[in-house]
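Since the structure comes first, as structure tokens, the remarks are kept for the end.
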Amino acid sequence: MTSVGLHFDEPDYTYEEVKYQEDLSLVTGIRRSDGWDIPLDENNSMYQKYLEWVAAGNTPGELIRE
Amino acid sequence: MSFIKTSGIRGLNSNSNDLDIHTDGSMTMSNEMAFTNTNMLFGTKNLILNGDFRWWQRSSNATGITTTSYRAADRYRLALSSMGTWSETRSTDVPNGQFLYSAKLTCTSADSSPAAGDLAVYQQWIEGGMCGHIAKGTTDAKKLTLSFWVKSNITGTFICELYDTQNTRACSKSYTIDTANTWEKKSLTFPADTIGTLSRDTNGRLVLQMWLGAGSDHTSGTLQTTWSTATTANRVVGQTNLAGSANNEIYFTGIQLEAGSHATAFEFLPYYVQQAQMHRYYFKPHNGSYGWQGRRGGGRFFRCNNRTQGTLELPVTMRAAPSFSASRTYGDGTWGGGTCYASNGWGGATAPNFVNYESNVDPNSGGGNGGTFGFNVSVSAEIT
């Protein structure tokens, strides 16, 4: 959770939505560009950062696994 | 001023001393001791985890740090905004024999003329659930006292700040490093804050900020030494710029933040207690290796659908469902290009107490007895 007054430079990550072949409508997690697999958990701070990144107008890519 | 000189105190109905005062000044209580207003003088009184810097799961020597990240000491984040290049190193330079390690922060590339918005802070985020006893935002709010050992090659004024992320409130206190290259013990007491309650949850609600440098945006006002809505210009007034020259360095250890207006002795926790605290936020298996030895069996994967899968049971319940990272450390034959990732599994890829993971390699695809591959695994539920 980033609050007003606590903004610092962070690496410029990009993100991909992880989906499985059997159900491409379901996003099961987020893959960060440095290799972290992020769960869809609002208490996970990497997921919070991802949501901020999307809210800033960015669009995630797609990573499909078998 | 008058004094009472005595060797013991006993209750009205006691036939022996309830408190013995020895000639060396030490005291022995012979009965139960109850303090009615201790503000947690005993027990796990320290709101700062890894205050003695015993835990360095990520690295004991992180270099080239230019952006905000958890890089080395557990639970500590070096937060930067265009303020030089830094290293964070586990050091055996300590103030006394009680401590094993200190954190050494070295500016390896200077920012002698910081831009207005430049910042460098060593910080720790504290869960709201740990802050109940300080009663922040109520009429029962407690003062907080920060104590720590510090050493630097430069002298000057430095700022410590408590920041309430939930209510955007802040309070700063200054301290002075008086003598270069000498360990000094510092103690700062922050006033009680009767405004702005903290949710007792798993989010980071209070942040300890040990400032290392800041541009004029944060230094141009008057230092905000009482709790109030955070005003940028008032937060870091008077701060020495540690990034002013390359090779400037600062050491910290024995960091303790406790309720009350007195700095008490640093709380050394048993190794296994501290281990559980650290694993709540970050876990790296001891040898960092999760692997498979093909048809010989072993390893921590099993084969499924021409891939390999496994479940990592976490040693303690983590703060949140963690993120997962794995880097290949070895892999022969067809497994040389293998990757490992958190997999959806059968109940979600990760939860606070487990991680389902998968590798894209099939151990049966190799020849002979099968090959070997291994990954370094990390799991993180840190706060930012």
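Chains as they are written, first to last, in our numbering: chain F, 1 to 66; chain R, 1001 to 1384.
Even glycine gets a Cβ: it sits at the ideal position worked out from N, Cα and C.
Exercise. Taking three-plus beta-carbon pairs below 8 Å as touching, is the segment 1192-1201 of chain R in contact with the segment 1113-1124 of chain R?
Worked result: no
Exercise. Going straight from the alpha carbon of residue 1136 of chain R to that of residue 1128 of chain R, what length do you get?
Worked result: 10 Å
Exercise. Using the C-alpha atoms, what's the distance from residue 1223 of chain R back to residue 1230 of chain R?
Worked result: One C-alpha to the other measures close to 11 Å.
Exercise. Chain F partners of residue 1080 of chain R, CB-CB under 7 Å?
Worked result: 8 and 9
Exercise. Name the chain F residues that come within less than 7 Å of residue 1268 of chain R, Cβ to Cβ?
Worked result: Neighbours of residue 1268 of chain R on chain F: none; closest Cβ ~29 Å, over 7 Å.
Problem set entry | residue 1295 of chain R versus residue 1373 of chain R - alpha carbon distance | Annotation note: pLDDT 48 at residue 1295 of chain R (below 50); position unreliable, coordinate value reported separately. Whole-angstrom Cα-Cα distance: 12 Å.
Problem set entry | residue 21 of chain F - DSSP class collapsed to helix/strand/coil | coil
Exercise. How about residue 32 of chain F and residue 18 of chain F: do their beta carbons lie closer than 8 Å?
Worked result: no
Exercise. Between residue 1373 of chain R and chain F, is there a C-beta pair that is closer than 8 Å?
Worked result: no
Exercise. Run through DSSP, which three-state label would residue 49 of chain F get?
Worked result: Residue 49 of chain F: helix per DSSP, three-state reduction.
Exercise. Is residue 64 of chain F close to chain R, meaning its C-beta is less than 8 Å from at least one C-beta of that chain?
Worked result: no
For this session: Pick helix, strand or coil for residue 1006 of chain R, following the three-state DSSP scheme.
Result: Looking at residue 1006 of chain R - three-state DSSP - the assignment turns out to be coil, as it is neither helix nor strand.
Exercise. At least one CB of chain F closer than 8 Å to the CB of residue 1282 of chain R: is that the case?
Worked result: no
For this session: Identify every run of the beta strand (DSSP E) within the segment 1052-1084 of chain R, keeping only runs that are complete inside it and at least 3 residues long; order them along the chain.
Result: 1061-1065 and 1077-1081
Exercise. Between the beta-carbon of residue 1171 of chain R and the beta-carbon of residue 1225 of chain R, is there less than 8 Å?
Worked result: yes
Exercise. Smallest Cα separation from residue 1102 of chain R: which of R:1116, R:1054, R:1071 and R:1080?
Worked result: Considering only R:1116, R:1054, R:1071 and R:1080, the residue with the shortest C-alpha distance to residue 1102 of chain R is R:1054.
Exercise. How about residue 53 of chain F: is its C-beta nearer than 8 Å to some C-beta of chain R?
Worked result: no
For this session: Round the Cβ separation of residue 1311 of chain R and residue 10 of chain F to the nearest angstrom and send it over; I've been treating them as touching at under 8 Å.
Result: The Cβ separation is near 31 Å, so there is no contact.
Exercise. Measuring CA to CA, which of R:1131, R:1228, R:1209 and R:1088 is closest to residue 1174 of chain R?
Worked result: R:1209
Exercise. Which value, in whole angstroms, describes the spacing of the CA atoms of residue 43 of chain F and residue 1143 of chain R?
Worked result: 29 Å
Exercise. DSSP three-state call for residue 1217 of chain R: helix, strand or coil?
Worked result: helix
For this session: Flag this pair as yes or no: are the beta carbons of residue 1253 of chain R and residue 1052 of chain R separated by less than 8 Å?
Result: yes
Problem set entry | N-terminal and C-terminal residue of the beta strand (DSSP E) that residue 1357 of chain R is part of | 1354-1359
Exercise. Would you report the Cα separation of residue 1163 of chain R and residue 41 of chain F, rounded to the nearest angstrom?
Worked result: Roughly 25 Å separates the two Cα atoms.
Problem set entry | Contained beta strand (DSSP E) runs [length at least 3] in the segment 1081-1120 of chain R, N- to C-terminal order | 1085-1091 and 1102-1109
Exercise. Using a Cβ-Cβ distance under 8 Å, would residue 39 of chain F count as near chain R?
Worked result: yes
Exercise. Alpha helix (DSSP H) containing residue 1276 of chain R: first to last residue?
Worked result: 1271-1279 is the span of the alpha helix (DSSP H), which, as asked, contains residue 1276 of chain R.
Exercise. Would you report the Cα separation of residue 1092 of chain R and residue 1110 of chain R, rounded to the nearest angstrom?
Worked result: 25 Å
Exercise. To the nearest angstrom, how far is it from the Cα of residue 1011 of chain R to the Cα of residue 1205 of chain R?
Worked result: Linking residue 1011 of chain R to residue 1205 of chain R through their CA atoms gives a straight-line distance of about 44 Å.
For this session: Please list, in chain order, all residues of the same chain as residue 1150 of chain R whose beta carbon is under 7 Å from its beta carbon, the five residues on each side excluded.
Result: The residues are 1177, 1184, 1186, 1250, 1251 and 1252.
For this session: In angstroms with no decimal places, state the Cα-to-Cα distance between residue 1278 of chain R and residue 1219 of chain R.
Result: 34 Å
Exercise. Would you say residue 14 of chain F reaches chain R, if we count a Cβ-Cβ gap shorter than 8 Å as a contact?
Worked result: Taking 8 Å as the threshold, the shortest C-beta distance from residue 14 of chain F to chain R does not fall below it.
Exercise. Which residues in the same chain have their Cβ closer than 6 Å to the Cβ of residue 52 of chain F, if we skip the five residues on either side of it in sequence?
Worked result: Result list for residue 52 of chain F: empty, nothing under 6 Å.
For this session: Note down, in chain order, every chain F residue with its Cβ under 7 Å from the Cβ of residue 1350 of chain R.
Result: 39
For this session: Could you please give the first and the last residue of the uninterrupted beta strand (DSSP E) stretch that includes residue 1235 of chain R?
Result: No beta strand (DSSP E) holds residue 1235 of chain R; DSSP gives it neither H nor E.
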